[in-house]
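Trainee: Sharing a structure here in C-alpha cells format.
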Amino acid sequence: MLAVVTVLLTSVAAVVAPAPAMAADSAYVMAYFKESLSGAGNVNSVHLAVSSDALEWTPLNNNQPILTPTVGTRGIRDPFLFRLNDGTWVLAATDIPVGGNFWAPNPNIHIWTSRDLVNWSSDRLLNVNWPNPNSFTWAPSIYWDAGRNQYGITFSTVPTGRDHSVIMVVYTSNFVNVTSPVVLFDGGPAGVIDSHLVTNVDGTNYLYYKNNSPSTLQGARSNSLNPGSFTRYTNGTGGGCIEAPTLVKSLTSATWWLWGDTFCPNSVFLAWQGDIVTGTWSPVDQRTYTPPLNAKHNSIHPISATDRTNLLNRYGGTTAWNRLKSWNLPGSYVRHANGVGRIDAMPFDPYQDSQWRLVPGLADPAGVSFESVNQPGRYLRHANYSVVLAANDNTAGFRADATFHRVAGLANSGWSSFRSHNFPTRYLRHQGNQLYIHEIGDATGRADATFRVGY
C-alpha cells in the first residue's frame, strides 16, 4: 500500500510542481507517431519535431522515438501534448500497439508528464472510459476549462446504449483522478472522432473533429464549454480519408492553420490556412510545409526559444540524413529505385530510398555527393547524362560524376540547385520523373532543377 501511495504522490507532484515563469512563445513542437505505406515504418511511440513557423519541421532524435510506452498494450497512437497553467507539460495518447485491433474495448489512455519537455515521468495508464466497457477510447486531447477550474480530456468512443461514436469528456485537476465521462458533442448517426478543442478565441470556443460520413474535418463552436452546447458551423474541409484535425495559431499573424492526416494513402498530411472564426479554409501550398517523414496524427503546441534550444540540445535534430523536395512537384522527393535516380510522390516504401547523406564531394570537398542511406557506399552519379545509383569504385571518373555543387535555386533562390562538377553547364533536374543532368535554358528547366534540402 505504501508503494502505491508513493507512486500516486509522485505522479501528482509531476503535474503540479512549480515551474519558472513562462517565456514568450516563438516556436512550435509537434508530437506524432509513425507509419509508412507498407507498414514497414510503423512505430507506435512518441516522436517530437520542432519548427520556427509551424510549417517546416525538424524531427528530433533523427526521427526516432523520444518516449517508448511501457504499460498497457505497450503501443501508442495519436499523441497530444499540452502545456498546463503552471508551465509544466502533459502528454496523452491512445493505447494501441503496432498491428493492434483499433476496435478492441479499452478504457485507458497513456499519460506522461514533464517539467520542461526533456525530463519525463514514467508512462502510466489513466482509465477515462470505464462506464463504456465495450468500446474503444481514441485520440485524447486536452484543454483548460476556466469555469470548472479543471482540465478537460476529450476522446472518441461509442457510449453504452448508442450505435455511433461521439466525443466524450472527463475532467481532472491532476491527471490521476477523473470524473465520470459525459458526452461533449454528438455529431449525429454517422459518428464523429478525433477532436481538438481551442478555447476562448475572442470569447468563443471551437471544437474541430472528423465527421465519418461524409468524411471531412468539421468545426463546431460554443460560447460556453458545457457538454452539448457546441453547434456545427462549417461545411467540412478535406474529404476521402481525412481525419485527425489539428488547429494551430500563427505566433506572428492572424493566420490559423488546420492540419489533417490521411489514411488512403497512409502517412500524408494536408494543411489548410484560414480563419477559425468564419471556418473558411484554403489549401496551403505544399512548397511551404514539410511534416516529419512518416508522421501520423500530430498535435502542435507553441513553445519558447529556450524550450526549442533545450529540445535540440537534449535530443538533437536530424543529422543522419536529408531529403530533397521538388520545387514544381512539391509532394515528390528525390529517390532511387532499381538503381535509377528519380522523383516520386510520397508516400512510398521503402521510404529510405528518399534518404540521403549529403557528404563532401568525392571529387571536390567544396561540393556535395549524395550517398544512399539504405545502400551505403552507393551514390547518385550521372552516366550518359542520366542519373543512377552506383557503388563507388573509387576511380577519378566516378568521383567526378558523383560530385555536384550546391547553388541558389534556379527557380527560387531560397531553395537549391545542384551543378555537375565535371559538366559545369549542366544541372541535376527531373524530367518524366527520372533524374538527369541537363543544360537549363527555360523556366520549366529551372523549376525541374530546383529542390529543397530538408527532412
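Residue numbers 481 to 935, in the working numbering, belong to the letters of the sequence shown in order. The beta-carbon is built from N, C-alpha and C at its ideal position, and this holds for glycine as well.
Do G921 and T883 have their beta-carbon atoms positioned less than 8 Å apart in this structure?
Mentor: Pairing T883 with G921 gives a Cβ-Cβ distance that is not under 8 Å.
Trainee: In whole angstroms, what is the alpha-carbon distance linking W600 and I647?
Mentor: 28 Å
Trainee: Using a Cβ-Cβ cutoff of less than 6 Å, which residues in the same chain neighbour V598 once the five nearest sequence positions on both sides are dropped?
Mentor: N790, R794
Trainee: Looking only at C-alpha atoms, which of W592, Y508, A511, E536 sits nearest to P549?
Mentor: W592
Trainee: I'd like to know whether the C-beta atoms of Q855 and W801 end up nearer to each other than 8 Å.
Mentor: no
Trainee: Residues in its own chain within less than 8 Å of T553 by CB, not counting five upstream and five downstream?
Mentor: Hits under 8 Å: D575, I576, P577, G580, N586.
Trainee: Hey, how far is the Cα of D566 from the Cα of N774?
Mentor: 33 Å
Trainee: Run the CB neighbour count on F887, radius 10 Å, all protein chains shown included, and call it buried at 16 or more, exposed below.
Mentor: Note on identity: in this sequence residue 887 is Val, with Phe being the wrong assignment. Flag for V887 reads exposed.
Trainee: So, is L869 buried or exposed, given that buried needs 16 or more other C-beta atoms within 10 angstroms?
Mentor: buried
Trainee: For G641, tell me which candidate among V650, D625, P611, A619 has the shortest Cα-Cα distance.
Mentor: Residue P611 is the option with its Cα nearest to G641.
Trainee: Evaluate Q911 with the Cβ neighbour count: other Cβ atoms within 10 Å of its Cβ, from every protein chain shown; 16 or more gives buried, anything less gives exposed.
Mentor: exposed
Trainee: Using the C-alpha atoms, what's the distance from S893 back to V551?
Mentor: Spanning the two alpha carbons is a distance of roughly 49 Å.
Trainee: Over the uninterrupted alpha helix (DSSP H) stretch that includes G877, give me the two end residues.
Mentor: 876-881
Trainee: If Q741 sits next to H777, beta carbons under 8 Å apart, how far is it from one beta carbon to the other, in whole angstroms?
Mentor: Position check: residue 741 holds Asp in this sequence, whereas Gln was assumed. With a Cβ gap of about 5 Å, D741 and H777 count as contacting.
Trainee: State the Cα-Cα distance for the pair V933 and R906, rounded to the nearest angstrom.
Mentor: 19 Å
Trainee: Are P725 and Y688 closer than 8 Å when you measure CB to CB?
Mentor: yes
Trainee: A511 and L561 look like a contact to me (Cβ under 8 Å); what is the Cβ gap, rounded to whole Å?
Mentor: 4 Å
Trainee: Measure the alpha-carbon distance for L606 versus W569 and round it to whole angstroms.
Mentor: 16 Å
Trainee: Near W736, which residues of its chain fall below 8 Å by C-beta distance, leaving aside the five closest residues on each side in sequence?
Mentor: L727, V728, K729, S730, Q753, G754, D755, I756
Trainee: Could you compute how far the alpha carbon of V678 sits from the alpha carbon of T875?
Mentor: 60 Å
Trainee: If you drop the 5 nearest sequence neighbours on each side, which residues of the same chain put their C-beta closer than 6 Å to that of S714?
Mentor: Looking at the sequence itself, residue 714 is Thr, so the reference to Ser does not match. Once the five neighbours on either side are set aside, the close Cβ partners of T714 are Q698, G699, G759.
Trainee: Please say whether L535 and T768 have beta carbons closer to each other than 8 Å?
Mentor: Contact flag set, yes.
Trainee: Mind checking which residues open and close the alpha helix (DSSP H) that includes T924?
Mentor: 923-928
Trainee: Helix, strand or coil: which one does DSSP assign to L838?
Mentor: The three-state secondary structure of L838, taken from DSSP, is strand.
Trainee: Hey, could you find the ends of the beta strand (DSSP E) D741 is sitting in?
Mentor: Secondary structure note for D741: its beta strand (DSSP E) is the uninterrupted segment 736-743.
Trainee: D765 by DSSP, collapsed to three states: which one?
Mentor: Coil, per DSSP.
Trainee: Grouping DSSP H, G and I as helix and E and B as strand, with all else coil, what is S675?
Mentor: strand
Trainee: Can L908 and V867 be called in contact, C-beta distance under 8 Å?
Mentor: yes
Trainee: Could you give the C-beta distance for I556 and H590, rounded to a whole number, given that I count them as a contact under 8 Å?
Mentor: Confirmed, Cβ separation roughly 5 Å.
Trainee: How far does the beta strand (DSSP E) with L727 in it extend, from its first residue to its last?
Mentor: Taken as a continuous stretch (DSSP letters only), the beta strand (DSSP E) holding L727 covers 722-729.
Trainee: Can you give the Cα-Cα distance for W618 and T637, rounded to whole angstroms?
Mentor: 7 Å
Trainee: Going by DSSP, which residues form a beta bridge with A511?
Mentor: L528, S779
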